[in-house]
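See below for the structure under consideration.
Structure below.
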């Protein structure tokens, strides 16, 4: 049989190992808490990113709508010579379709050359309203 000191020594070794295991467990618990905290912070950041992405998408849609509504008439075709209100009225009648507006205005310019920019806008608006009320 083993002597009492051998058993005591083995018990001391077991206690040392248990102490090391407890220390390692405490370190791992601390790391787990830190990871959970990091995950929570990342989740918050992801939610903020999703909200910002949604906002940016809305802004892009709005800017594209404005681009369709303003670019073709104000920049490409008329510059600053035509009434903004008339341009907006025409675009509203065409549901913001600037390319159709340009086509209609250029057509009027071909068949009625030499008129002021507002005249072409008024003529196209008049024709659209007239044709829609038939």
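In this note's numbering, the protein residues as written are 180 to 313.
Beta carbons: idealized from backbone N, C-alpha and C, even for Gly.
Please read all numbers here as calculations on a predicted model, not as lab measurements.
Handout entry: Span of the alpha helix (DSSP H) around residue 182
Key = Numbered from 1 along the chain shown, position 3 holds the residue referred to as residue 182. No alpha helix (DSSP H) contains residue 182, which DSSP labels as neither H nor E.
Practice task
Measure the alpha-carbon distance for residue 303 versus residue 239 and round it to whole angstroms.
Solution key: Within the chain shown, residue 303 is the residue found at index 124, counting from 1. Within the chain shown, residue 239 is the residue found at index 60, counting from 1. Cα to Cα, the separation comes out at about 30 angstroms.
Exercise for the section: Measure the C-alpha to C-alpha separation of residue 314 and residue 292 and round it to an integer number of angstroms. Expected result: No answer is possible for residue 314: it lies beyond the span of the chain, which begins at 180 and ends at 313.
Exercise for the section: Look up residue 265 in the DSSP assignment and say whether it is helix, strand or coil. Expected result: Against the chain shown, residue 265 aligns to sequence position 86. Helix.
Problem - Three-state secondary structure assigned by DSSP to residue 250 - result: Against the chain shown, residue 250 aligns to sequence position 71. Summary for residue 250: the model assigns pLDDT 47, below 50, so the residue's position carries little reliability, and this model does not support an answer.
Handout entry: Residue burial classification, residue 269 (beta-carbon count within 10 angstroms, cutoff 16)
Key = For this step, residue 269 is matched to residue 90 along the chain shown. Residue 269 should be labelled buried.
Problem - Sequence-distant residues of its chain with Cβ nearer than 8 angstroms to residue 271 (five each side left out) - result: Along the chain shown, one-based indexing puts residue 271 at 92. So the list is empty, once near-sequence residues are dropped.
Exercise for the section: Kindly indicate the opening and closing residues of the alpha helix (DSSP H) around residue 362. Expected result: This structure gives no information on residue 362, because the portion of the chain shown stretches from 180 to 313.
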